[in-house]
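Numbering of the sequence shown is given in this note's numbering, commencing with residue 687 and proceeding in unit increments. Glycine included, C-beta positions come from ideal geometry on N, C-alpha and C. Only a predicted model underlies this, so the values are computations on that prediction, with no experimental measurement involved. One structure below.
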Amino acid sequence: MTEVCVRAGVAGDLAEVIALERTTAEAPHWAEAEYVAVIAGSGGYVRRCLFVAEAKGVVIGFAVGKVAGDLAELESVAVDLQARRGGVGRTLCGAVIDWCVEAGATAVELEVRAASGGAIGLYRGLGFIAVGQRPGYYSGPIDDAVLMRLDLLVLGSGA
């Protein structure tokens, strides 16, 4: 098995991140400027992070997180089709969750396509629970969004 390194994303990763995002139908499709802004960062109320997973010098996955006050959001996770089911997504999500804890978040929320059983299973395995649904939220194809939440206070309390 190829060794995978998960690290904070840098400007030099943008072309590979965007290429991966464009070939991942389930990923939100953002303008390049959005990724540039994530990497540029800010010390303001809303902070964002980008983590990349790299194997043999190639980006095979990425995840984006956001913290506003004490609430965080796992905004995007994408893993190359050939690298799925190997723990890359779990490791990327873990990096974002750890970053959210360090940033003072008490909970992480996300939304995921209802038809994305693999992603929902991944998030459940990380401790997220379904807390709601948005009918017809996604287009191309039309799908409901499942809202999920991970309470970080429970994680931190040893319960």
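query	result
Reference residue 723, options 799, 697, 792 and 740, closest by Cα	697
Pairwise C-alpha distance: residue 827 and residue 714	13 Å
C-alpha gap between residue 691 and residue 763, whole angstroms	16 Å
Three-pair Cβ contact test at 8 Å for the stretch 726–736 versus the stretch 746–754	yes
Complete alpha helix (DSSP H) runs within the stretch 695–719 (minimum length 4 residues, chain order)	700–708
With 16 other Cβ atoms within 10 Å as the buried cut-off, status of residue 765	buried
Reference residue 813, options 694, 767, 699 and 783, closest by Cα	783
Outcome for residue 689 when other beta-carbon atoms lying within 10 angstroms are tallied against a minimum of 16	exposed
Buried or exposed (CB count within 10 angstroms, at least 16 for buried), residue 844	Note that residue 844 has pLDDT 44, beneath the 50 cutoff, so the model's placement of it is unreliable and the number below is only indicative. Looking at its Cβ environment, which holds fewer than 16 other Cβ atoms inside 10 Å, residue 844 is exposed.
Extent of the continuous alpha helix (DSSP H) to which residue 809 belongs	803–811
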